[in-house]
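Taking it in order: structure first as structure tokens, then the write-up.
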Amino acid sequence: MRITDERERRPPEHIFPPSATVLCVIAILCINAVAVLHEERFLSKIGWGVDQSVGGFGDEPGIKVQLMNLIRSVRTVMRVPLIGVNSVCIVLLLLFG
């Protein structure tokens, strides 16, 4: 029979849920990752190019077509705002570490 210590039964104190700043950084990194995907060099090689999304009239778009539209929309809409957001993040990281 093993005698357990009080420290072994408690969860570790160093595990905390992520803060709001960490979640913002994760979101910015994910949006940056989607924004830099290139259709001809990367997406068409895995079958996610523009010409692969041909569907019939009235058909519900599948998950692949919806993800392709999301990627295309993020690349179109978020290109200019990401420049400003990345610049602010770089300056804040340089100032405050």
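Using UniProt numbering, the first residue of the sequence shown is number 1, and each one after it goes up by one. Built from N, CA and C at the ideal position, the CB exists for glycine as well. All values derive from a computational prediction rather than experimental measurement.
Item	Value
Residue 46 to residue 34 span [Cα, whole Å]	15 Å
Proximity winner among 72, 95, 26 and 79, relative to residue 39 (alpha-carbon distances)	72
Same chain, Cβ closer than 7 Å to residue 78, neighbours up to 5 away in sequence not counted	31 and 35
Where residue 82 falls, given that 16 or more other Cβ within 10 Å makes a residue buried	buried
Beta-carbon proximity of residue 75 to residue 37, cut-off 9 Å	yes
Residue ranges of each alpha helix (DSSP H) within the segment 62-93, 4 or longer	63-77
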